Amino acid sequence: MDMLLRHLTIGELATLFERHRGRSPAPYLTDPERVARARRLARKNGQWQSLANDFDPTAPIAVLKRSAYRNFRRVGDRRVPEAAAAERRGQLGQAFLALWLDHPRADVDYLQDLMWAYCDDWTWVMAAHEGRGIDLGSVSIGVVLAEILHVVGDRLEEEVRARVTRAIEREIFEKYWDYRHPDEWKTVRMNWNHVCNGEIIRTALYQIEDPHVLAHMTHVAIQNMSYALDGFAADGGCEEGPGYWAYGFGHYLAAANALLHKTDGELNLLAGERIAAISRYPLAAHIEGPLRSTFAD
1 MDMLLRHLTI GELATLFERH RGRSPAPYLT DPERVARARR LARKNGQWQS LANDFDPTAP
61 IAVLKRSAYR NFRRVGDRRV PEAAAAERRG QLGQAFLALW LDHPRADVDY LQDLMWAYCD
121 DWTWVMAAHE GRGIDLGSVS IGVVLAEILH VVGDRLEEEV RARVTRAIER EIFEKYWDYR
181 HPDEWKTVRM NWNHVCNGEI IRTALYQIED PHVLAHMTHV AIQNMSYALD GFAADGGCEE
241 GPGYWAYGFG HYLAAANALL HKTDGELNLL AGERIAAISR YPLAAHIEGP LRSTFAD
């Protein structure tokens, strides 16, 4: 397929962003009516009660110890550091959800302490990917923190907002442009491309207000996602299997959706038969009921 943004320069993309300056890339998270609807759904599907039963804003914040991080280098076991990272991400997700829903268990200080803890980390890169400038783990942290700032930032203290913003700059934006870390994922034809480029695009849409800076930050990342699209077969098939279709292409869809909202529909990376064919892949991998084919990683 043609390179994404093949006929849209950085300057023209900046003009597009300028035309829609102030629009949210995730209006469904900031619109009061939709938040109220989410609150009703949370009560209906059990999420509200789950927060009441399982969320503890007095719980100790998980710390990724050096010895746990080094466990991978020493014995090749990634489960120890990833378990600690997953525990804190779970705490962060619950704290954010509780505040967003205005749940009685919400505790803004607990959320701020969790965000502050990420600023204290010496790296956001996963132990199994050490040595890279940016990886699947670091972009995931960056976009979640950026989303929190975008959605409930007005409820956080200025020093927290400032420090988290600086951490995102240091760990995501500056490393993305660091010539000393030429990470190959930028143009690979597999899931890393869509995950990393897609999350960096969304992080930028949340964090960067200046349309010219935003265009400079996102233009190349959008174009880079073309290479991963080329990794799908002509009929839209995914050689990495259904799981990685959901993971990799799912991040492409998330980035495309954010760009669609940010530009009020003017920049639509979801259009075209190529994207439609890739989107139909799960139907081809489906066997029966909950069964589907599994292969690859």
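Each residue of the sequence shown is one higher than the one before, counting from 1 in the numbering used here. Using N, Cα and C, we set each Cβ at its ideal position, and we do this for glycine too. Since this is a predicted model, take the numbers as computed values, not measurements.
Check                                                                                             : Outcome
At least 3 beta-carbon pairs within less than 8 Å: the segment 218-231 vs the segment 29-38       : no
Supposed contact pair S138 and E171 - C-beta distance, whole angstroms, cut 8 Å                   : 6 Å
Local conformation of L291 per DSSP, three classes                                                : strand
Residue nearest to R163 in terms of C-alpha spacing, selected from M115, V195, R155               : M115
Boundaries (first-last residue) of the alpha helix (DSSP H) holding E18                           : 10-19
Endpoints, alpha helix (DSSP H) assigned at M225                                                  : 211-229
Beta-carbon proximity check, L64 vs L92, cutoff 9 Å                                               : no
Bridge partner(s) assigned by DSSP for H286                                                       : R292
Whole-number beta carbon distance between S67 and H261, since they are thought to touch under 8 Å : That pair is no contact at about 43 Å.
Reduced DSSP secondary structure (H/G/I, E/B, other) of L111                                      : helix
Rounded C-alpha distance that separates A276 from Y252                                            : 13 Å
Distance between L259 and D2 (C-alpha atoms, nearest Å)                                           : 18 Å
Span separating the alpha-carbon of L267 from that of L205                                        : 13 Å
Distance, C238 Cα to S293 Cα                                                                      : 12 Å
C-alpha distance - C196 paired with R70, whole-angstrom precision                                 : 24 Å
Residues near I200 by beta carbon distance below 7 Å, same chain, minus five either side          : V139, I172, Y176, A221
Pair within 9 Å by beta-carbon distance, V144 and G133                                            : no
Burial state of S298, where buried means 16 or more other Cβ atoms lie within 10 Å                : With the chain covering 1 to 297 only, the question about residue 298 has no answer from this structure.
A59 to A85 span [Cα, whole Å]                                                                     : 15 Å
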